[in-house]
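**Student:** This structure is in structure tokens; I'll ask about it shortly.
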Amino acid sequence: MNDISTHTLSVIVDNKSGVLGRVVGMFTSRGYNIDSLTVAEVDEDRSLSRITLMVTVTSMVVDQIKAQLERIVPVRKVLDLNDIGDFVNRELILVKVKAKGERRVESLRVADIFRARVIDSSGQSFIFELTGSAEKLDAFINLMKPLGLVEVSRTGAVAILRGAKALYN
Amino acid sequence: MNSNGAEIVLKTLVNLNVEVIFGYPGGAVLPLYDAIFKQNRIRHILVRHEQAAVHMAEGYARSTGKVGVVLVTSGPGATNTVTGLTDAFMDSIPVLCITGQVPTHLIGTDAFQEADTVGITSSCTKHNYLVKDITELEETLLEAFYVSKSGRPGPVVVDLPKDVQNDHANYNSLKIKRPASYRPLKRPNIGKIKELTEVILNSKKPIIYSGGGVINSGIKASLALRKLVDFLNVPVTTTIMGLGSIQASNPNFLGMLGMHGTYEANMAMYDCDLMICIGARFDDRVTGKIDSFSPKSKKIHIDIDPSSINKNVKVDFPLIGDAGVIMSLLLMDLKSSKIKINKEHLRRWWRRIEQWRKKDSLSFVDSSNTIKPQRVLKELNSAIKDKDAYITTEVGQHQMWAAQFIEFDKPNHWMTSGGLGTMGYGFPAAIGVQVAHPKKTVICIAGEASFLMNIQELSTLKQLNIPVKVFILNNQYLGMVRQWQQIFHGARYAESYSASLPDFCKLASSFGIKGIQIKNPKDIKKSIQEMLEYDGPVVVDVCVEKLENVYPMIPAGGAHNEMKFSDEDSNIAGTKEGMALV
Numbered sequence: 001m002n003d004i005s006t007h008t009l010s011v012i013v014d015n016k017s018g019v020l021g022r023v024v025g026m027f028t029s030r031g032y033n034i035d036s037l038t039v040a041e042v043d044e045d046r047s048l049s050r051i052t053l054m055v056t057v058t059s060m061v062v063d064q065i066k067a068q069l070e071r072i073v074p075v076r077k078v079l080d081l082n083d084i085g086d087f088v089n090r091e092l093i094l095v096k097v098k099a100k101g102e103r104r105v106e107s108l109r110v111a112d113i114f115r116a117r118v119i120d121s122s123g124q125s126f127i128f129e130l131t132g133s134a135e136k137l138d139a140f141i142n143l144m145k146p147l148g149l150v151e152v153s154r155t156g157a158v159a160i161l162r163g164a165k166a167l168y169n
Numbered sequence: 170m171n172s173n174g175a176e177i178v179l180k181t182l183v184n185l186n187v188e189v190i191f192g193y194p195g196g197a198v199l200p201l202y203d204a205i206f207k208q209n210r211i212r213h214i215l216v217r218h219e220q221a222a223v224h225m226a227e228g229y230a231r232s233t234g235k236v237g238v239v240l241v242t243s244g245p246g247a248t249n250t251v252t253g254l255t256d257a258f259m260d261s262i263p264v265l266c267i268t269g270q271v272p273t274h275l276i277g278t279d280a281f282q283e284a285d286t287v288g289i290t291s292s293c294t295k296h297n298y299l300v301k302d303i304t305e306l307e308e309t310l311l312e313a314f315y316v317s318k319s320g321r322p323g324p325v326v327v328d329l330p331k332d333v334q335n336d337h338a339n340y341n342s343l344k345i346k347r348p349a350s351y352r353p354l355k356r357p358n359i360g361k362i363k364e365l366t367e368v369i370l371n372s373k374k375p376i377i378y379s380g381g382g383v384i385n386s387g388i389k390a391s392l393a394l395r396k397l398v399d400f401l402n403v404p405v406t407t408t409i410m411g412l413g414s415i416q417a418s419n420p421n422f423l424g425m426l427g428m429h430g431t432y433e434a435n436m437a438m439y440d441c442d443l444m445i446c447i448g449a450r451f452d453d454r455v456t457g458k459i460d461s462f463s464p465k466s467k468k469i470h471i472d473i474d475p476s477s478i479n480k481n482v483k484v485d486f487p488l489i490g491d492a493g494v495i496m497s498l499l500l501m502d503l504k505s506s507k508i509k510i511n512k513e514h515l516r517r518w519w520r521r522i523e524q525w526r527k528k529d530s531l532s533f534v535d536s537s538n539t540i541k542p543q544r545v546l547k548e549l550n551s552a553i554k555d556k557d558a559y560i561t562t563e564v565g566q567h568q569m570w571a572a573q574f575i576e577f578d579k580p581n582h583w584m585t586s587g588g589l590g591t592m593g594y595g596f597p598a599a600i601g602v603q604v605a606h607p608k609k610t611v612i613c614i615a616g617e618a619s620f621l622m623n624i625q626e627l628s629t630l631k632q633l634n635i636p637v638k639v640f641i642l643n644n645q646y647l648g649m650v651r652q653w654q655q656i657f658h659g660a661r662y663a664e665s666y667s668a669s670l671p672d673f674c675k676l677a678s679s680f681g682i683k684g685i686q687i688k689n690p691k692d693i694k695k696s697i698q699e700m701l702e703y704d705g706p707v708v709v710d711v712c713v714e715k716l717e718n719v720y721p722m723i724p725a726g727g728a729h730n731e732m733k734f735s736d737e738d739s740n741i742a743g744t745k746e747g748m749a750l751v
């Protein structure tokens with residue numbers, strides 16, 4: 001059992017009430033852990049939603065997860081992006097920093113290096129918005145901590161294959 | 170044509186050729202019962218508890234291959250079905266369960282008899298639906314029915330708020346439209362069939378391990394299995410769910426495998442070089458200790474459900490599709506192949522198996538003083554030999570003995586709770602079977618404790634006045650619990666004595682049902698005849714040896730080659746890890 005690795009799954013589902021619950025319920029009832037999860041409608045005409053899930057498991061377990069997800073009736077397609085090819089994935093964070101004087105200036109400089117945007121500011125605080133890989137966001141958070149970071153809101157990853165190939169159609 | 174929702178339900182069920190509904194009325198399904206009252210196409214069977222309604226539908230479904238239909242009210246009506254639905258889910262039985270729900274405007278308000286039926290049943294159904302709009306009702310029912318019976322079958326719930334039952338809409342006589350997201354694969358990848366042919370014909374010690382998937386695939390699949398076994402002359406074993414897929418009388422049949430399977434079946438599984446698993450799922454009761462499961466074999470796994478592949482055991486040649494279709498294609502390919510299976514190797518393999526068979530692992534010590542449960546089932550088996558009888562069981566020791574000693578030559582004649590192990594399953598299931606086959610002999614082999622779990626259905630049985638025979642092996646213990654306490658817990662029989670038992674004959678007669686008690690081994694034959702000849706329902710109370718244990722047995726955590734054959738066998742308690750297993 002040394003082939004544990006992180007897999008990014010794209011799950012295309014009918015956008016009906018309760019579908020997310022069924023997907024998450026499968027993980028609960030079979031004892032698998034979800035690292036991160038995002039969901040939103042991606043095709044309004046056909047009423048399709050895309051769930052991006054990250055799991056850290058063995059290859060046998062990820063095959064089982066895929067098969068169990070495919071058993072759920074409103075699930076149309078389950079793809080392990082790691083199997084298919086190169087893909088990009090991104091997360092988004094909003095970081096609130098409360099600081100005065102030198103630390104306030106320093107937080108702006110760090111944000112600049114990371115190309116984070118300031119989306120709110122007050123006399124004693126900034127809110128930064130940043131997208132990127134998980135590693136980049138972790139690094140940003142670590143740098144901001146000593147500068148007065150007070151709150152983080154973070155999405156799970158969204159991911160898409162590189163190149164012209166589309167996953168669903 | 171304009172109808173109310175309840176009438177649309179009935180019309181849709183007629184359109185789906187549903188003949189019978191097992192149900193229980195209540196506030197949230199009154200419009201549906203009114204619609205039932207006003208028609209005469211569909212028969213309604215009034216149960217006495219909603220759990221039993223699902224088991225009846227399961228018995229009906231398993232003995233006919235059709236979908237069993239259940240109708241219950243909201244709240245407690247729906248929650249009472251959960252055990253039955255879970256049972257059907259585990260054993261892949263097609264059941265459509267329609268539940269009433271509080272009107273849509275009250276959903277979420279903790280209204281009287283409200284329960285979150287879709288939420289509660291989502292992990293014990295193949296799929297479920299809440300119909301909030303009458304214009305979606307007919308289509309949803311058709312889809313639910315299709316989902317229930319297609320692919321790997323299973324229970325499906327349609328939750329129907331009372332206002333939707335009262336709303337009006339047109340009934341359109343629609344055809345089933347398959348949902349876009351649901352496409353079970355029936356026909357396999359043909360290239361893979363060729364691969365299997367080669368693997369099979371090059372094997373030296375093959376064995377077929379067949380399961381409930383072969384039964385579910387329909388009578389053609391069982392026929393294809395028989396042809397396959399005859400053509401290859403290979404040994405075949407079945408799971409408890411697969412009994413009847415091959416004739417018990419087939420000389421190549423090694424009996425059931427697993428925890429209480431035969432020595433020859435388990436040893437052949439352990440020693441084979443090729444395992445051909447068809448429609449079975451490597452359940453822990455079958456595999457025993459996973460690390461030592463059939464260590465020397467390549468494994469073929471034929472299954473309609475991709476999630477069954479590599480779930481418990483890693484296999485070498487998975488093939489997704491319908492068992493019957495695959496076996497027919499495989500047989501054609503095998504017949505046309507230039508390579509032939511090596512007869513000399515096969516002969517040696519059979520010689521080995523014959524050695525194991527000599528062990529006669531189902532033998533038991535008979536007695537002239539007490540009734541041995543094995544003996545009474547052997548007698549029952551010979552008495553029903555030519556009767557084309559249907560057998561259901563409850564759960565426990567009697568279930569294992571029935572699986573060991575009753576011989577099935579046809580599929581769909583054996584109904585038992587294999588996956589969930591539901592005490593209380595067998596009696597209502599037998600009623601469901603008898604409703605489907607009014608002229609046939611239907612026997613529920615029961616334990617006294619299991620029978621008590623759905624005993625209220627005696628009232629249903631009397632109302633229907635159909636000739637179900639309940640055959641209780643009464644040992645005054647929760648026998649299987651007691652057996653495990655004896656083996657694993659120092660014979661401390663905590664709460665496993667069936668205290669304060671009723672007189673089952675008097676109890677039956679209080680419902681107006683005939684009761685027979687068998688106390689003396691001498692009376693077994695005569696009393697079984699009396700039961701079979703009686704034209705009506707009978708409860709038979711067989712007072713069997715109290716402390717008899719089921720053997721052979723692979724102790725929990727043990728491997729196929731570590732079977733025990735009697736109480737005297739050494740080290741029967743097995744391992745510490747085994748103690749933690751169920």
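Protein chains in written order, with this note's numbering: chain A, 1 to 169; chain B, 170 to 751. For glycine and all other residues, C-beta sits at the position ideal for the given N, C-alpha and C.
Against chain A, does K467 of chain B count as a neighbour if the rule is that its beta carbon must be under 8 Å from one of theirs?
**Tutor:** Translated into the one-based positions of the second sequence, residue 467 of chain B becomes position 298. Output row for K467 of chain B: interface = no.
**Student:** Please confirm whether T408 of chain B and V482 of chain B have their CB atoms less than 8 Å apart.
**Tutor:** Within the second sequence, numbered from 1, the residue matching residue 408 of chain B stands at position 239. Within the second sequence, numbered from 1, the residue matching residue 482 of chain B stands at position 313. No, they are not a contact pair.
**Student:** Hey, how far is the Cα of Y666 of chain B from the Cα of N623 of chain B?
**Tutor:** Counting from one through the second sequence, the residue named residue 666 of chain B turns up at place 497. Counting from one through the second sequence, the residue named residue 623 of chain B turns up at place 454. Going by the C-alpha atoms only, they are around 19 Å apart.
**Student:** Roughly how many angstroms lie between the CA atoms of D302 of chain B and V333 of chain B, to the nearest whole one?
**Tutor:** For the purposes of this step, residue 302 of chain B is identified with residue 133 of the second sequence, where counting begins at 1. For the purposes of this step, residue 333 of chain B is identified with residue 164 of the second sequence, where counting begins at 1. Taking the straight line from one Cα to the other gives about 7 Å.
**Student:** Starting from Y298 of chain B, trace the beta strand (DSSP E) in both directions and tell me its first and last residue.
**Tutor:** Here residue 298 of chain B refers to the residue found at position 129 of the second sequence. That run of the beta strand (DSSP E) goes 296-299.
**Student:** Okay, do the stretch 699-719 of chain B and the stretch 629-644 of chain B touch, 3+ Cβ pairs below 8 Å being the bar?
**Tutor:** In short, these stretches touch, since the Cβ pair count reaches three.
**Student:** Would you call the stretch 147-163 of chain A in contact with the stretch 72-89 of chain A, where contact means no fewer than 3 C-beta pairs closer than 8 Å?
**Tutor:** The answer is yes - the stretch 72-89 of chain A touches the stretch 147-163 of chain A, with three or more Cβ pairs under 8 Å.
**Student:** Consider the Cβ of H296 of chain B: report whether some Cβ of chain A lies at a distance smaller than 8 Å.
**Tutor:** Start at 1 with the first residue of the second sequence, and residue 296 of chain B comes out as number 127. Yes, because at least one Cβ of chain A sits closer than 8 Å to the Cβ of H296 of chain B.
**Student:** Please list the partners that D45 of chain A has in chain B, where partner means a Cβ-to-Cβ separation under 8 Å.
**Tutor:** Translated into positions along the first sequence, residue 45 of chain A becomes position 45. Within chain B, no residue comes near D45 of chain A; the closest Cβ sits about 13 Å away, beyond 8 Å.
**Student:** Roughly how many angstroms lie between the CA atoms of F422 of chain B and K547 of chain B, to the nearest whole one?
**Tutor:** Sequence index remark: in the second sequence, residue 422 of chain B carries index 253 (1-based). Sequence index remark: in the second sequence, residue 547 of chain B carries index 378 (1-based). Taking the straight line from one Cα to the other gives about 18 Å.
**Student:** Which same chain residues end up closer than 8 Å to R210 of chain B when comparing Cβ atoms and leaving out the 5 residues on each side of it in sequence?
**Tutor:** Within the second sequence, the letter at position 41 stands for residue 210 of chain B. Around R210 of chain B: L179, V183.
**Student:** Once you ignore the five residues that flank S10 of chain A on each side, which residues in its own chain have a CB closer than 7 Å to its CB?
**Tutor:** On the first sequence, residue 10 of chain A is found 10 positions in, with the first residue counted as 1. Excluding positions up to five away in sequence, the list reads R50, T52, L79, L81, A159, L167.
**Student:** Would you kindly report the start and end of the unbroken beta strand (DSSP E) that includes N184 of chain B?
**Tutor:** One-based indexing of the second sequence puts residue 184 of chain B at position 15. Per DSSP, N184 of chain B belongs to no beta strand (DSSP E); it is in the alpha helix (DSSP H), 174-184.
**Student:** I want to check one thing, is the minimum distance from the CB of Y594 of chain B to the heavy atoms of the ligand FMN below 7 Å?
**Tutor:** Looking for the ligand FMN in the displayed structure turns up nothing, as the structure carries no ligands at all.
**Student:** Identify the contact partners of V287 of chain B in chain D, using a Cβ-Cβ distance below 7 Å as the criterion.
**Tutor:** Among the chains of the structure shown, chain D does not appear; the protein chains present are A and B.
**Student:** Cβ closer than 7 Å: which chain A residues qualify as neighbours of Y351 of chain B?
**Tutor:** By one-based count along the second sequence, residue 351 of chain B stands at place 182. The answer, in chain order, is V73.
**Student:** Pair every Cβ in the stretch 442-456 of chain B with every Cβ in the stretch 331-348 of chain B, then say whether three or more of these pairs are closer than 8 Å.
**Tutor:** Contact between the stretch 442-456 of chain B and the stretch 331-348 of chain B is absent, because fewer than three Cβ pairs lie under 8 Å.
**Student:** Anything in chain A within Cβ reach of S476 of chain B, meaning under 7 Å, just list it in chain order.
**Tutor:** The residue labelled residue 476 of chain B in the question sits at position 307 within the second sequence. Neighbours of S476 of chain B on chain A, chain order: Q64, A67, Q68, R71.
**Student:** Quick one: what's M410 of chain B bridged to in DSSP?
**Tutor:** Residue mapping note: residue 410 of chain B aligns to position 241 of the second sequence, counting from 1. According to DSSP, M410 of chain B bridges with nothing at all.
**Student:** Can you tell me where the beta strand (DSSP E) holding Y378 of chain B begins and where it ends?
**Tutor:** Within the second sequence, residue 378 of chain B is the residue found at index 209, counting from 1. Looking at the DSSP string, the run of the beta strand (DSSP E) that includes Y378 of chain B is 375-379.
**Student:** From the DSSP output, read off the bridge partner residues of N89 of chain A.
**Tutor:** Looking up residue 89 of chain A in the first sequence gives position 89. For N89 of chain A, which the question treats as bridged, DSSP gives the partners A:A159.
**Student:** Which one or two residues does DSSP pair with W583 of chain B in a beta bridge?
**Tutor:** Counted from its first residue, the second sequence places residue 583 of chain B at position 414. W583 of chain B is bridged to B:I560.
**Student:** When Cβ atoms are compared, which residues of the stretch 126-157 of chain A fall closer than 9 Å to chain B?
**Tutor:** For the stretch 126-157 of chain A, which is checked against every Cβ of chain B, not one residue is closer than 9 Å.
**Student:** Tell me which residues share the same chain as S342 of chain B and place their Cβ nearer than 7 Å to its Cβ, disregarding the 5 neighbours each side in the sequence.
**Tutor:** Residue mapping note: residue 342 of chain B aligns to position 173 of the second sequence, counting from 1. Here the set comprises N184.
**Student:** Grab the span of the alpha helix (DSSP H) containing M649 of chain B for me, first residue to last.
**Tutor:** Your numbering for residue 649 of chain B matches position 480 in the second sequence. Counting along the chain, the alpha helix (DSSP H) containing M649 of chain B begins and ends at 648-657.
**Student:** Roughly how many angstroms separate the alpha carbons of T629 of chain B and G593 of chain B, rounded to a whole number?
**Tutor:** Taking the second sequence and counting its residues from 1, one reaches residue 629 of chain B at position 460. Taking the second sequence and counting its residues from 1, one reaches residue 593 of chain B at position 424. Answer to the nearest angstrom: the Cα atoms are 15 Å apart.
**Student:** Assuming W518 of chain B contacts K373 of chain B under a Cβ cut-off of 8 Å, what Cβ separation, rounded to an integer in Å, is found between them?
**Tutor:** Position 349 of the second sequence, counting from 1, holds the residue named residue 518 of chain B. Position 204 of the second sequence, counting from 1, holds the residue named residue 373 of chain B. Correct: roughly 7 Å between the Cβ atoms.
**Student:** Quick one: grab the DSSP three-state call for P74 of chain A.
**Tutor:** Counted from its first residue, the first sequence places residue 74 of chain A at position 74. Looking at P74 of chain A - three-state DSSP - the assignment turns out to be coil, as it is neither helix nor strand.
**Student:** Here's the rule: buried if 16 or more other CB atoms are within 10 angstroms of the residue's CB, otherwise exposed. What is N142 of chain A?
**Tutor:** Position 142 of the first sequence, counted from the start, is the residue given in the question as residue 142 of chain A. N142 of chain A comes out exposed.
**Student:** Does S506 of chain B come within less than 8 Å of chain A when only Cβ atoms are used?
**Tutor:** Stepping through the second sequence from its first residue, residue 506 of chain B is reached at position 337. Taking Cβ atoms only, chain A never reaches closer than 8 Å to S506 of chain B, which makes this a no.
**Student:** In the structure shown, what three-state DSSP assignment does T52 of chain A receive?
**Tutor:** Taking the first residue of the first sequence as 1, we reach residue 52 of chain A at position 52. Residue state, collapsed to three classes: strand.
**Student:** Using Cβ-Cβ distances below 7 Å, what residues of the stretch 262-286 of chain B are close to chain A?
**Tutor:** Result list empty, no residue passes.
**Student:** Would you mind giving the Cβ-Cβ distance between G493 of chain B and D472 of chain B, rounded to the nearest angstrom? I have them listed as a contact below 8 Å.
**Tutor:** For this step, residue 493 of chain B is matched to residue 324 along the second sequence. For this step, residue 472 of chain B is matched to residue 303 along the second sequence. Wrong, their Cβ atoms sit about 13 Å apart, outside the cutoff.
**Student:** Y209 of chain A by DSSP, collapsed to three states: which one?
**Tutor:** Any question about residue 209 of chain A goes unanswered here, given that chain A covers just 1 to 169.
**Student:** Any idea which residues DSSP pairs L149 of chain A with across the strands?
**Tutor:** Position 149 of the first sequence, counted from the first residue, corresponds to residue 149 of chain A. Looking at the DSSP assignment, L149 of chain A forms a beta bridge with A:V97.
**Student:** Using the Cα positions of I34 of chain A and M54 of chain A, report the straight-line distance between them to the nearest angstrom.
**Tutor:** Here residue 34 of chain A refers to the residue found at position 34 when the first sequence is read from its first residue. Here residue 54 of chain A refers to the residue found at position 54 when the first sequence is read from its first residue. Whole-angstrom Cα-Cα distance: 6 Å.
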